[in-house]
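A quick write-up on the structure given underneath.
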Amino acid sequence: MRPWIYCTLLVGSLVCSVWGLGTSCSTPLTAGTASSSDPFWMQSIKHQGTSAFNPNPSGYQVFRNVKDFGAKGDGVTDDTVAINNAITAGSRCGGGSCASSTLTPAVVFFPKGTYVISAPIIAYYYTQLIGDAKNPPTLVATSSFNGIAVIDADPYIPGGNGAQFYVNQNNFFRSVRNFVIDVRQVPATASQGTGLHWQASQSTSLINIVVEMSTAANTAHQGIFMENGSGGFMGDLVFNGGKFGMWVGNQQFTVRNVTVNNAQSGIFSVWNWGWTYQGVTINNCQVAFDVSTGGITTGTQTSGAVAIIDATINNTPIFVRTSAASNGKLDGSIVINNAKLVNVPTAVSVEGGPTLLAGGTTTITSWGQGNVYKGSTGGFTQGAIVSANKPSSLLDSSGKIFGRTHPQYANFAVSQFVSVKDNGAKGDGKTDDTAAITAIFQKFAGCKIIFFDAGTYVVTSTITIPAGTQIVGEAWSVIAGKGPTFQNQNNPTPVVKVGDTNSQGIIEITDMLFTTMGPAAGAVVVEWNVKQPSGTTGGAGMWDSHIRLGGAAGTNLEPSQCPRGASASVNCIAAFLALHLTPASTAYLEGAWVWLADHDIDGDGSTQIQVYSGRGILSESAGPLVRNSVIEMTIYKAQACQSALAEHHVLYQYNLANAKNHYMGLIQTESPYFQPNPAPPAPFTVNSAFHDPPSAQGLSAAWALNVQTSTDIIVFGAGLYSFFQDFAQTCLDSNSCQSQILNVDTTSSVTIYSLSTVASTFQISVSQNGIINQSANTNGFASTVTAWSRS
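What the sequence shown shows, in mature numbering (1 follows the signal peptide of the UniProt record, and there is no 0), is residues -20 to -1, 1 to 771, in sequence order.
Spelled out as structure tokens, the structure:
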């Protein structure tokens, strides 16, 4: 075992670590070797990715360079048609006639240049729009631009009475990264001067984007326009000018590292159930956060819960402005933690009403508006609230919760990558690729960045990703566990081990998807063992990578095998456990989605299935563990989509056992729709070796979050939802689809902010005894606890 040095750029600082690798690596990968004149590696690497279950895998093109379709990028030619041709080629899912599909994935690549755009770029389903990460291309909207936004993720269908290409809560699997979007040629008063129409849902991301807008006093420009959806991740964004940097309405979302300069309103929140904003910087705006909270009797869904952590606000008159009270009751929860204000006269105020918190040049340690509890005692507060202990391992050098950008390896040469298909793996959804992938890791881990060409790679026994490995997928390359090894729930077996037990080293996983081909009652889909190198925060992480179980072509867990209403069968069990973070591990997870499918994505987009997974996420990690993501087991929300039914992990969605030093923001869960028929743990049995929580007396639904013998756990934003009993929604009328949803034992130290629940009688339980009834905390559609601590 040869020790070597790895250097990486982490949040502006070059960090080097030394460790040993149990591989045959003879030339360790250190810094990137690309010269400034070299193209971005993604442009030059051989593209041989396939869609394994497409009707014509060999003929379907996954990677598309827009210049191959006629785009010029010369700043003169109108490239709109060429770009949209690159996106739509190959009978892809879009246009309003296809609800969803995993069969037509695409990476649409934009080399450096300036692309003139006169109408929206339409982002089809399962599409990654990726610009050159070394020299991000510019998309310039013409003065006559006609459309809702330069990039449109969910177009309205002309004459469709408000119908769109996709159901907004079902608008999965899309990413946009590495662009400058310039709308300054569009007349300032024109609302079509919008960067992105991002009506998106889970497994979606916006990364490394700058939007340039008019700074005129009468500007109507917007960086992001989002009127609906069901939450994903966005981060590392800059908005310059505009009426709104971000105009956003979505059930829940996580935002990290966003800067807004010289806008009228930095962020306008029109409605939500819960949003978490981490590391937002607002400079020279009129209002930093304009929050429409409304009133409980208005009948309009407004911003239920906004949680802001580590904000920096400069030269802006108002930090947070809320709307006026309705019938004397101010609806909406607000949490502010560690906000640095410089020349901000008003910290929090009511529009047309009083100042709730004075500003100035100061730091707000922890302030909240809403119902705040210590144990079972609490009430309405507009003032200082509990400030959670933040272990140093969770913080960066400035004392903020650590964050790290999705690695893209912009400075690495194409010669520093190796393709798995060039080294024997097939990815055709049929061939057993276990031996090929194992050999590739043994030969190249730590020597090369391992490129998983688009495809579905079947493995029939555990594969281990060694510490020291960097993996890049293409359009969410799939690793799928299949066969007898993963079928015995009495012998749980990992499909993928991230590091050997007690291993230490860099791990970076991007744009991958992990799943099973059922039945797989004994599958631990991902077992995360690796610990980051000493002194390297965020050195073991996963970005824009997901666990998806059932409901897609090739899983053998689709409507024909597992229709809704069928009796529980071992043939319809997708996994024993989705993600296991073991005791010695550390993890940084951003933009991850862990989902047991409720419907078939590759059918009509709504046909229901009934599949089972025993457990969602089990963390025994001693930390640090940072989750800047929506990691959840959910799909449609009852308020907006009455016809869609789902079922999810049977015992729990999150279970923290002997865990330490966790930051979790924003977490979201949804309880299985079939429960209480059967009630947990059926069709599984309780396994004490995996710290399964016993079911509380009378509890007939899964725990959303269970915390046992754990310390320094910070939940900064949570949406824990329960919409059904035995597929019926009558329980919503009485907010009683289940009795308890979040449980903390008597020994754990947990601080919870911005907790929104739906239809659970008790929002928080201690040792399985409900202590906070939702009826005291009604907040629009959901019920919200602004802050909770044990004492």
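No residue lacks a Cβ here, since even glycine has one placed at the ideal position from N, Cα and C.
Around the Cβ of S755, are there at least 16 other Cβ atoms within 10 angstroms (buried) or fewer (exposed)?
Residue mapping note: residue 755 aligns to position 775 of the sequence shown, counting from 1. Exposed, because fewer than 16 other Cβ atoms sit within 10 Å of the Cβ of S755.
Same chain, Cβ closer than 8 Å to K410, neighbours up to 5 away in sequence not counted
To locate residue 410, count along the sequence shown from 1; it is residue 430. Cβ within range, chain order: A32, V438.
Three-state secondary structure (DSSP) at K92?
Here residue 92 refers to the residue found at position 112 of the sequence shown. The answer is coil: DSSP assigns K92 none of H, G, I, E or B.
Among residues of its own chain, excluding the 5 on either side of V96, which ones have a beta-carbon nearer than 8 Å to its beta-carbon?
Indexing the sequence shown from 1 puts residue 96 at position 116. Apart from sequence neighbours up to five positions away, the residues of its chain that approach V96 with a beta-carbon distance below 8 Å are G55, V56, T57, D58, D59, T60, V120, T122, ordered along the chain.
For I365, verify whether its CB is less than 7 Å away from any heavy atom of the ligand FMN.
Absent from the structure shown: the ligand FMN. Ligands present: none.
Does the stretch 405 to 419 touch the stretch 38 to 45, meaning 3 or more C-beta pairs lie closer than 8 Å?
The stretch 38 to 45 and the stretch 405 to 419 do not touch, with fewer than 3 CB-CB distances between them shorter than 8 Å.
Which same chain residues end up closer than 6 Å to I291 when comparing Cβ atoms and leaving out the 5 residues on each side of it in sequence?
Taking the first residue of the sequence shown as 1, we reach residue 291 at position 311. Sequence check: residue 291 is Ala here, not Ile. Contacts found: V260, A319.
Can the beta-carbon of E538 be found less than 8 Å from the beta-carbon of V87?
Here residue 538 refers to the residue found at position 558 when the sequence shown is read from its first residue. Here residue 87 refers to the residue found at position 107 when the sequence shown is read from its first residue. Against a cut-off of 8 Å, the Cβ pair of V87 and E538 comes out as no contact.
Where A197 falls, given that 16 or more other Cβ within 10 Å makes a residue buried
The sequence position of residue 197 within the sequence shown is 217, counting from 1. A197 is exposed by the Cβ-count criterion.
Once DSSP output is grouped into helix, strand and coil, what is the label at K26?
The residue labelled residue 26 in the question sits at position 46 within the sequence shown. DSSP places K26 in the coil class of the three-state scheme, outside both helix and strand.
Taking just the CA atoms, how far does N36 sit from I693?
Counting from 1 along the sequence shown, the entry for residue 693 is found at position 713. Counting from 1 along the sequence shown, the entry for residue 36 is found at position 56. Rounded to whole angstroms, I693 to N36 spans 48 Å at the Cα level.
Near F20, which residues of its chain fall below 7 Å by C-beta distance, leaving aside the five closest residues on each side in sequence?
Looking up residue 20 in the sequence shown gives position 40. The residues are D112, A113, K114, A390.
Could you tell me which of G127, K47, T68 sits nearest to F89, measuring between CA atoms?
For the purposes of this step, residue 89 is taken as residue 109 along the sequence shown, with counting starting at 1. For the residues G127, K47, T68, the minimum Cα distance to F89 belongs to K47.
What's the C-alpha gap between I187 and D672?
Within the sequence shown, the letter at position 207 stands for residue 187. Within the sequence shown, the letter at position 692 stands for residue 672. So the alpha carbons of these two residues sit roughly 37 Å apart.
Would T465 pass as a contact of T440 if the rule is Cβ separation under 8 Å?
Working through the sequence shown from its first residue, we reach residue 465 at position 485. Working through the sequence shown from its first residue, we reach residue 440 at position 460. Taking 8 Å as the Cβ cut-off, T465 and T440 qualify as a contacting pair.
Span separating the alpha-carbon of I230 from that of I443:
Your numbering for residue 230 matches position 250 in the sequence shown. Your numbering for residue 443 matches position 463 in the sequence shown. Reading the sequence as shown, one finds Asn at residue 230 and not Ile. Distance between the alpha carbons of N230 and I443: 38 Å.
Contact set for A659: own chain, Cβ-Cβ below 6 Å, skip 5 residues either direction
For this step, residue 659 is matched to residue 679 along the sequence shown. Excluding residues up to 5 positions away in sequence, S680 lie with their Cβ nearer than 6 Å to the Cβ of A659 in the same chain.
Quick check: is the beta carbon of G645 nearer than 8 Å to any beta carbon in chain B?
Structure shown: chain B not included; a single protein chain is present.
Can T741 and N715 be called in contact, C-beta distance under 8 Å?
Counting from one through the sequence shown, the residue named residue 741 turns up at place 761. Counting from one through the sequence shown, the residue named residue 715 turns up at place 735. Contact flag set, yes.
Backbone secondary structure at P325 - three-state DSSP:
Residue 325 sits at position 345 when you count from the first residue of the sequence shown. Looking at P325 - three-state DSSP - the assignment turns out to be strand.
Give the straight-line distance between the Cα atoms of F224 and A243, rounded to the nearest whole angstrom.
The sequence position of residue 224 within the sequence shown is 244, counting from 1. The sequence position of residue 243 within the sequence shown is 263, counting from 1. Taking C-alpha positions only, F224 is separated from A243 by approximately 6 Å.
Backbone secondary structure at V630 - three-state DSSP
Position 650 of the sequence shown, counted from the first residue, corresponds to residue 630. Of the three classes helix, strand and coil, the one that applies to V630 here is coil, per DSSP.
Is it true that the CB of E207 sits closer than 8 Å to the CB of V163?
Here residue 163 refers to the residue found at position 183 of the sequence shown. Here residue 207 refers to the residue found at position 227 of the sequence shown. Result no, Cβ atoms of V163 and E207 do not sit closer than 8 Å.
Where do the N-terminal and C-terminal ends of the beta strand (DSSP E) with V452 fall, by residue?
Residue 452 sits at position 472 when you count from the first residue of the sequence shown. First-last of the beta strand (DSSP E) with V452: 449 to 462.
My guess is that C542 and V591 are in contact by the Cβ rule of under 8 Å, so how many angstroms apart are they, rounded?
For this step, residue 542 is matched to residue 562 along the sequence shown. For this step, residue 591 is matched to residue 611 along the sequence shown. About 5 Å separates the two Cβ atoms, so the contact holds.
Run through DSSP, which three-state label would residue 782 get?
Outside the shown range of the chain, which is -20 to 771, sits residue 782, and nothing can be said about it.
In terms of alpha-carbon separation, which member of L576, G339, V394 lies closest to S15?
As a working note, residue 15 is residue 35 in the sequence shown. When the alpha-carbon of S15 is set against those of L576, G339, V394, the nearest one is in V394.
Rounded C-alpha distance that separates L735 from T766:
Locating residue 735 in the sequence shown gives position 755, where the first residue counts as 1. Locating residue 766 in the sequence shown gives position 786, where the first residue counts as 1. Going by the C-alpha atoms only, they are around 6 Å apart.
Going along the chain, which unbroken runs of the beta strand (DSSP E) with 3 or more residues stay wholly within the stretch 111 to 190?
Given a length threshold of 3 residues, each whole run of the beta strand (DSSP E) inside the stretch 111 to 190 is given here in chain order: 118 to 121, 154 to 162, 174 to 177.
Based on Cα-Cα distance, which residue from F392, A708, Q633 lies nearest to S17?
On the sequence shown, residue 17 is found 37 positions in, with the first residue counted as 1. Per the Cα distances, F392.
Is the CB-CB distance between G175 and V130 below 8 Å?
Indexing the sequence shown from 1 puts residue 175 at position 195. Indexing the sequence shown from 1 puts residue 130 at position 150. Contact check for G175 against V130 passes: the beta carbons are separated by less than 8 Å.
Residue range of the alpha helix (DSSP H) that N64 falls in?
As a working note, residue 64 is residue 84 in the sequence shown. For N64, the uninterrupted alpha helix (DSSP H) run begins and ends at 60 to 68, by DSSP.
Please say whether A168 and A200 have beta carbons closer to each other than 8 Å?
Position 220 of the sequence shown, counting from 1, holds the residue named residue 200. Position 188 of the sequence shown, counting from 1, holds the residue named residue 168. Yes, the Cβ-Cβ distance between A200 and A168 is below 8 Å.
Could you pull the DSSP bridge partners for P37 from this structure?
Locating residue 37 in the sequence shown gives position 57, where the first residue counts as 1. Partner(s): none; P37 has no beta bridge.
Going by C-alpha to C-alpha distance, which of Y632, G521, I647 sits closest to P661?
Taking the sequence shown and counting its residues from 1, the one referred to as residue 661 is at position 681. Per the Cα distances, Y632.
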